[in-house]
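Residue numbers (the numbering used here), protein chains in the order written: chain C, 1 to 755; chain H, 756 to 1510. Glycine included, each C-beta is placed from N, C-alpha and C at the ideal position. Owing to the predicted nature of the structure, the values given are computational and were not obtained by experimental measurement. The structure appears below as C-alpha cells.
Number of protein chains: 2
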Amino acid sequence: MSAHLGPTPLRVVGQRVPKVDGVDKATGVAQYTVDVRRPRMLYARLLRSPHAHARIRHMDVSRAQALRGVRAILTYRDVPPVVHAGQPQPRAGSLARDQRILEDRVRFVGDGVAAVAADHPDILEEALALIQVDYEVLPAVFDPFEAMQPAAPSLHGTDRNLVIPPFIVRHGDVEQGFAEADYIFEGRYETSRPMPAYMEPDACVCEFDPSGRLTVWISTQAPFMVRGSLSEVLGIPMSKIRVICEHMGGGFGAKQDLYQYPYLCVLLAQRTGRPVKMEYTREETFVAGRSRHPVVIELRQGVTRDGRLTARQARFVANSGAYASHGPGITRVGTNALASLYKCPHVYIEGLCVYTNAPIAGAFRGYGAPQAYFALESQMDEIAAQLGLDPIELRMRNMFQPGDRGPAGTPFREVMLPACLQRGAELIGWAEKRQRPADPGPIKRGVGVACQLHSATSYPAVKEAAGAVVSINEDGTVQLLIGAADLGTGAKTVMAQIAAETLGVGLDAIRVVSGDTDVTPYDIGAYASRTTFIAGGAVQRAAEDAKRQLLDLAAQELHAEPADLHVTDGVVASRSDPGRRIAVKDLVASPGGRSARTIVGRGTFAPRNDYSFAAQFAEVAVDTETGQVEVLQMVAVHDVGRVINPTTAEGQVEGALHQGIGYALMEDLVVDGVSGKALNANFADYKMLTALDMPKIYVELLESVDDLGPFGAKGLAEDGVCPTAAAIANAIYHATGARVRQLPIAPDRLLELIP
Amino acid sequence: MSAHLGPTPLRVVGQRVPKVDGVDKATGVAQYTVDVRRPRMLYARLLRSPHAHARIRHMDVSRAQALRGVRAILTYRDVPPVVHAGQPQPRAGSLARDQRILEDRVRFVGDGVAAVAADHPDILEEALALIQVDYEVLPAVFDPFEAMQPAAPSLHGTDRNLVIPPFIVRHGDVEQGFAEADYIFEGRYETSRPMPAYMEPDACVCEFDPSGRLTVWISTQAPFMVRGSLSEVLGIPMSKIRVICEHMGGGFGAKQDLYQYPYLCVLLAQRTGRPVKMEYTREETFVAGRSRHPVVIELRQGVTRDGRLTARQARFVANSGAYASHGPGITRVGTNALASLYKCPHVYIEGLCVYTNAPIAGAFRGYGAPQAYFALESQMDEIAAQLGLDPIELRMRNMFQPGDRGPAGTPFREVMLPACLQRGAELIGWAEKRQRPADPGPIKRGVGVACQLHSATSYPAVKEAAGAVVSINEDGTVQLLIGAADLGTGAKTVMAQIAAETLGVGLDAIRVVSGDTDVTPYDIGAYASRTTFIAGGAVQRAAEDAKRQLLDLAAQELHAEPADLHVTDGVVASRSDPGRRIAVKDLVASPGGRSARTIVGRGTFAPRNDYSFAAQFAEVAVDTETGQVEVLQMVAVHDVGRVINPTTAEGQVEGALHQGIGYALMEDLVVDGVSGKALNANFADYKMLTALDMPKIYVELLESVDDLGPFGAKGLAEDGVCPTAAAIANAIYHATGARVRQLPIAPDRLLELIP
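Here it is as C-alpha cells:
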C-alpha cells in the first residue's frame, strides 16, 4: 500500500501523518459553526408546513410577534421575491433555480413558511405555534411515475413535472444491438432515500457590522458559493460579505447546497440589526435537509452467449422531491454512469428527474452513481449467473481500454479496473469461496462483487477552478492559504503534505489557512471527489511558483543555474556541487534579519476530467429463516493514482463503505404515501450502522502513475459508496439465490424472495 | 491643493474619501487589543524596580504565590537568558540587543523585575506588593556627559557607556571651511523628553492552543517583527505564531519596539496553559514606554558675510536611557540630519548615543531629526539675524540642487524647499509681518520659519520590503491583503484608494484585510514615513499584476491587444474600439456563474530612498511679563509628491504639528536627577495641548511629479513634527529678541531670556 512510484523518493507525500487539525478537534478547541456565539446574538427557527402541498391564503403573526422576546418574524411578504439557488440560466446546470426564500405556496411537509428570531431558543417553539396559517390544501403526488401523468398536480408548471427535459445518452443503434444479442436481460431496480446524517447539523450565524459588512459563519462545503449566492440574491457586493467555515462536522454533498435558512437568517440579522443564529434540530436535518435521490431504473441489456454486451437501454427516473436542488446534476451523472462502466456498442439511456411533493433530494456522495451502479452491477451478476460465467470473467470480457471515452466525455488514460478485480479476488479468496458448497444450516454464506468508475470533477462544461497562495516566512516556514473547505476528511492535511513535499520542508513547517472567503483565493467548493485532485493541484502549483522564486534568488546567491538547484529540509543546494548551499531562511530574511523578501506563490488548477476505478467485494451471511443479513467482510480495492496520505485515504473508503452498507441494508427515510410526512426523521427510528455493527474492512489502494493530479493523485471520496449495495446484493444472491432489486434489502423484503 | 498632475485624470486617488474603517471605529465595533477577551483569560502585570540602578540579591515570591487567584510568577530565574530585541549582530542596525526578558539587575526606575498572572486584575496590585526583593543599590547616572566620564557607573560594560561607537559624518575639511568663514556661530541646544502618549496603552493577549500554536493580539506597528522576534527568542517556528493587530490606537514609533512585556506574557501563557492579557496602566506607558531622545547638540557653523555656509561642525549627544532601543538608529538619522538640509562644503558631525539610568528613549516620530532641526534651524535664524538677512533669503542662498546627495546617501531628484518657503511666506504674510513695528504693550507678536527634509525609508542598508496580494472576486470586487499595519492614520484607506485607482473600480469595491500575519504577505512594519510610499507601492504592483491577468483574459475574449485595453468602473474596454467591452465580473466568473477564474495579483516594493521637504511658519504672541507663549497660527507647506487622500494627509500634518507645538512649549517627562524617578508620569501632570489649545493651522500640500512612489506619493507622517519647535523658537526671537536654546520653552525659562 502506498509504495512510492516514480524515480524521486517522496518524504511527506505518502506518509501516514496525523491530521494537522487533529489536536484542535480532539481537545475541543476547533470552532464549528454550532459553537459560534456572538454578543447580543438572537436565535431563529423556521415554521414548516404540515401539508405536502398547499397554498397559503392568509397568515397572522400578530400573536407570535407579541410574545415577549420575539424580535422579528418573516413571512413570504417580507422577503425579496427571488429564487435563492442555482444558476443564472434556469435548468441549465447542476442545480435548477426554482425555490424562493419564502413563498405563498408549500410543496412538501417541512417547506419553510415563516422565520422567527428571538432572544432565546426556548421561546422559538412557542412563537412558531402562535403563528396562524390558513392553508388551502392542494392535491399532492409522491410517486414520480404518477407525477408524470397528465392528471397529476403540477408543482412548478413544467411538462410532466419534469425538472429538466429528458437527458439522453445515445450511441450506436440500440435496436440493432438487441438484434445482435443472444439473450436479453430486463429488470426494474428501485433505490431508497438515505440521508447523509452528518454529525454537525446545518447551522449559520449572520451578523452585519455598522458599515454594512456581512459576516456569515456557516457549515458549508462551498464558502465561495454561499458568498456568491448571498451577494446576488441580496444585492450585497462580495467585498462586503465574509463567509467563514473553519471546521465542519460532515457534509457528504448535502452541504454544497443552499437551503432557505441562510437567506432567512441574513434577512433576520438585517431586520433586527443583531447577530442571528439558526441551527437545525436533528429532525430538521432529515425533513429539510437533502437525501440521496430515490431512483427507479428500468434496465434492459442484450448479450451474446459468450458474454459480450451488445445493447443497453435504460430509463433512470429520479424523484427530486418538491424542488430541483441538484436533481439536474445527479440525473446527468447517473444517466452517464448507466451508459458506462463496461463497453457496449449500442446504448440508449434516458434520464428523467421528476418533481413530487416528497422532501427534497439533493447532492449526496456518489451523486447519481450509487443508484446507477446498483442496477447495472446487479444485472451484470444476473447475466453472469444466467450464462454460467464467473462474474469477474463477464466483466473482463466487457472491459474498456485506454483511449475509450468515459462517462464525462474525456478518454480514459488508464483502465485500472482489471487490476482492482484481480487483487480484490485474491484478498477475499474469491475462487475458493465461489466454489464452496452451500452451508448446511439456515445461515448461508456468499460472496459478491461490484465495480465502479467515477470522475473527480463534476461540471465538465465549466472550469472547476481552485486556488492557493503560498507565502514563505522569514524562517523558511510556510503559510498556505486555500479556498477549499475541509468537511472533516483531512483535506487540510493533504494540502499541507503537497505543499511540504513541493517545497522540501517538513509538514510541521506548513500553516494551513482555509475556510475564510476574505483571505483565501477562490475555490468552487469541496464536493464530488475533487479536493485532493483539483485543490491539491492548485496547492502544488502555488508551491512550485514560490519555489521558483526561491530558486531564482538562490541561483543569484550561489552563482548557479536554477535548474541545478533543489530544496530539501529547508536548504537550497546545487545538485552538481552539493557544497553550494543556502538555507531558505537566509534567502528570505535580509542580512541582519530585520526585513524579508516577499515570496508569494500562487496557483490555480482547472483540469480536464480524470477517472478512478474500484472493485468491491462483499461476503455475507444470510439467515434464511429471518431474512437478516450480516456483512462478514468487505474488500475494497481502489485505483487512486498516488496516495497522498494512506490514513485519510483509507478513512474515506471506510466511511463510504459504512454509508454503502447502510444504503444496502437499512438506511431509508420513509415518507408516508398519503400525507407526505417523513415517518422516521430521527436517530431512534432512522437506523444506521454503529461502529460495533461494522464488518471487517480491507481497503487496498492501488497506486498508478497518473501525472494529471498533484503527484499523480486522483479523486477518492465518493467511489467507495458507489458499488457497495450491488456487491452486497450479489453476495446475497450467491448465498441464497434471492435477487433483490429494491433497496434497502430489509429482512421482510428479502424473506419473500428467498426461494 | 491636491490638483491632479500628469495626463491621466485620477478618480479615486486624490479624493477626500472617508476612512474605510471609520464607521467601525465610530460605532465601537472595531476591536483593539485592549478589547480582546478570551475564555479563561488571566491578567498579568510587571513588578517594576523602584531603583535606578541595582543588583537583585534575592527574591522571595512565596507570599505572592500563595495569594488566592495568583496563577504564575516569573522572575529572572524563570525566563530564558536571551536578549529580546534587535538584530543578530549587536549594535549593527537601528536597534541594539542589550535587554534581557528579565535579569538580576535593574537599570532604571521602572525596569521589569517580575511578572504575575492572576485570575483577576484586581489581585495583581496586591500580588506585586507581596513579592520581596532584596536590592543592592548601585550608583546611578542620568546625564549623558557624566555617563561618559571614566568614573561613571557602567551600565552595559561599553566604552564610555556608549551604545554604539561614535557615528561620524564627514565631508570636505572642516578646518579649511572655518578658515574660509567670515563669521563663526556656535551654540548648545538641548531638547526634552516628550512621550508619544498614544490613546491605546501598550497591551497584548497571548494564547497557546493545545497543538502548540501561539496567537498574540498586540498593539504593534510591526506584527511581522513581533512574530519574528518571538519566534527567535522563544524557539517557536513562525508558522506556529500568529500575530494580530487589526486596529490600533496610535503608536507614533514607540510601538515598533518590543518591550519586555510581550515575552513575559507569552511565557506566562505557556506556563499557565491559559490565555494571558497584559495591559499597561497609563503610568506604565510613561515610565516603561519610549520617549523621544533628549539630545544635546553642540553646533558650530562658519559663514561668509554674504550668507554662504562654509563649515559645519557638531556633536549630537543622545541620552538613550537604560537600554539601547532605537538609540543607534536615531543617532544615525539625527547626525545625518545635522549634516544636511543646506549645502555646506565642509562638514564634520559626531553622533554619540549614551547609556544612562534614565527611562528608555526610543523611536518617536522624527527619529532624531526633530532634535537636529531644532538646533540647525535655530542657528540659521541666528545667522540671518546677525547678517541682517531675511531668514528665507539666507536659506535660499544655501539651497541644495537636484543631484546633490541627501542625508541617506541617495541624490535628490527634486528640491522642493524653495517652493515650500515661497508659498508659506505668501500664506502667512511673511514680508508684511516681518516688517511690522513692535507691538506696543507687553504682548509681542512675531513670525518665524524653519524647514526640514526627511526620508521615507529608514534602513538604507536593508531592503525595506512590503507585500500585498490582490484577489478579484467573481463580481469584480476586490480583496486586498496587506502586511502593513494601520496605526490609526488612515493607511488602510490610502491602500484601498491605490488599489481602486489601479484596477479601475470604486473604493467601495475594495475590502482591505490587514494586521494578521497568518494571512497577509510580509511587511516590515508601519514606521518612519514609509507606509504610503512603500506599502502603497506594493499595493500598486499587486493591483497591476492582477490587472495584467484581467487584461490578458479580456484580450482573448475581445480579440484585442492587452495594451489597447483599459479598465474603468469594472469594465474592460478597447481604447481604439470602445464598443469592444466586457465587465470584469464576466471575465472572472465562468459562464453560468458557478465557477470562477482565480485571479491573484502579488506585489512587493523595496525602493531606494526618497526625500520630502517642508517649510513651516509660526506666528506667536509672547506675554513678556509672564513668559507665556501663545501660538497664533501655523502654516505648513509640505512637498508630498502625490496626495492620495488630502484629508488623511492633512490629518497627518495637523497631528504632527500638535506634537511639534507640544514639543516646543510644554511636553517633557521630567526625571528626577537624584532618584531617577519620573515626576509627571500621568496626564494630570504631563501637559499636552487639548483641541481647544490648538492654534489655527494652514496645511498646504504641494504636489510634484515623482514617479518613484505609488502615483508619485512620498512619505509624510513624520515631517510635520521636525521643524515646528525651531519655527516657534524663531518666532519668539522675532517677537522678543529672546533666543531659547532649550526645550520646552517654558515660561520661566523664557522669562529669564527676554531682554
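Nearest to residue i by CA position, among the options, is which residue?
{"i": "P196 (chain C)", "options": "C:V109, C:V287 and C:P150", "result": "C:V287"}
{"i": "A1113 (chain H)", "options": "H:Y1488, H:G1431 and H:I1483", "result": "H:G1431"}
{"i": "Q616 (chain C)", "options": "C:V631, C:I244 and C:M666", "result": "C:V631"}
{"i": "A1468 (chain H)", "options": "H:Q786, H:A1211, H:E1316 and H:V838", "result": "H:A1211"}
{"i": "V888 (chain H)", "options": "H:D859, H:F1071 and H:Y944", "result": "H:D859"}
For residue i, I'd like the list of residues in its chain whose CB is within less than 6 Å of its CB, leaving aside the five on either flank, ordered along the chain.
{"i": "Y1214 (chain H)", "result": "Legend: pLDDT at Y1214 (chain H) = 49, less than 50; position of this residue unreliable, no value from coordinates given."}
{"i": "A465 (chain C)", "result": "T604 and A606"}
{"i": "V1425 (chain H)", "result": "L1434 and N1435"}
{"i": "P370 (chain C)", "result": "V721 and C722"}
Whose C-beta lies closer than 7 Å to the C-beta of residue i among residues of the same chain, with five residues either side of it excluded?
{"i": "E136 (chain C)", "result": "A54, R55 and R57"}
{"i": "L1022 (chain H)", "result": "L829 and V834"}
{"i": "R38 (chain C)", "result": "V205, E207 and P275"}
{"i": "S340 (chain C)", "result": "G406, P407 and L453"}
Would you tell me roughly how many angstroms separate the C-alpha atoms of residue i and residue j, rounded to the nearest one?
{"i": "V635 (chain C)", "j": "M278 (chain C)", "result": "41 Å"}
{"i": "G1117 (chain H)", "j": "T502 (chain C)", "result": "43 Å"}
{"i": "G1243 (chain H)", "j": "R1296 (chain H)", "result": "24 Å"}
{"i": "E1001 (chain H)", "j": "D1474 (chain H)", "result": "26 Å"}
{"i": "Q1388 (chain H)", "j": "A781 (chain H)", "result": "30 Å"}
{"i": "P139 (chain C)", "j": "G406 (chain C)", "result": "43 Å"}
{"i": "M399 (chain C)", "j": "K1302 (chain H)", "result": "49 Å"}
{"i": "G1245 (chain H)", "j": "Y1122 (chain H)", "result": "21 Å"}
{"i": "P723 (chain C)", "j": "A179 (chain C)", "result": "30 Å"}
{"i": "A468 (chain C)", "j": "A1205 (chain H)", "result": "52 Å"}
{"i": "T158 (chain C)", "j": "G321 (chain C)", "result": "14 Å"}
{"i": "K696 (chain C)", "j": "E752 (chain C)", "result": "28 Å"}
{"i": "Q756 (chain C)", "j": "R315 (chain C)", "result": "Residue 756 (chain C) is absent from the structure shown; chain C starts at 1 and stops at 755."}
{"i": "G592 (chain C)", "j": "D586 (chain C)", "result": "Low confidence applies to G592 (chain C): its pLDDT is 49, below 50, so where it sits in the model is not reliable, and the reading given next is rough at best. In a straight line, the C-alpha of G592 (chain C) is about 10 Å away from that of D586 (chain C)."}
{"i": "Q256 (chain C)", "j": "D957 (chain H)", "result": "44 Å"}
{"i": "A1255 (chain H)", "j": "D516 (chain C)", "result": "22 Å"}
{"i": "G651 (chain C)", "j": "E667 (chain C)", "result": "20 Å"}
{"i": "N1400 (chain H)", "j": "Q1497 (chain H)", "result": "36 Å"}
Pull up the DSSP beta-bridge partners for residue i, would you.
{"i": "C959 (chain H)", "result": "H:I973 and H:M1033"}
{"i": "M59 (chain C)", "result": "C:V133"}
{"i": "Y1110 (chain H)", "result": "H:G1076"}
{"i": "G1203 (chain H)", "result": "H:A1373"}
{"i": "K1451 (chain H)", "result": "H:Q1388"}
{"i": "Y938 (chain H)", "result": "H:V1058"}
{"i": "L42 (chain C)", "result": "C:V276"}
{"i": "A872 (chain H)", "result": "H:A799 and H:A827"}
Excluding the 5 residues flanking residue i on each side, which residues of the same chain have their C-beta closer than 8 Å to its C-beta?
{"i": "H566 (chain C)", "result": "G504, V572, A573 and R575"}
* **Residues within the stretch 468 to 492 of chain C neighbouring chain D, beta-carbon criterion of under 7 Å** => In the structure shown, chain D does not exist; the protein chains are C and H.
* Asked: Quick check: the stretch 1127 to 1138 of chain H against the stretch 908 to 922 of chain H, are there 3 or more CB pairs under 8 Å?
  -> no
* Asked: Using 8 Å as the threshold, is the stretch 216 to 227 of chain C in touch with the stretch 253 to 270 of chain C, meaning 3 or more CB pairs across them?
  -> yes
* Check whether the stretch 734 to 748 of chain C touches the stretch 429 to 449 of chain C, taking contact to mean three or more Cβ pairs, one atom from each stretch, closer than 8 Å. => yes
* Asked: Does the count of Cβ pairs from the stretch 816 to 829 of chain H and the stretch 1049 to 1069 of chain H closer than 8 Å reach three?
  -> no
* Contact between the stretch 973 to 987 of chain H and the stretch 938 to 951 of chain H: three or more CB pairs below 8 Å? -> No, the stretch 973 to 987 of chain H is not in contact with the stretch 938 to 951 of chain H.
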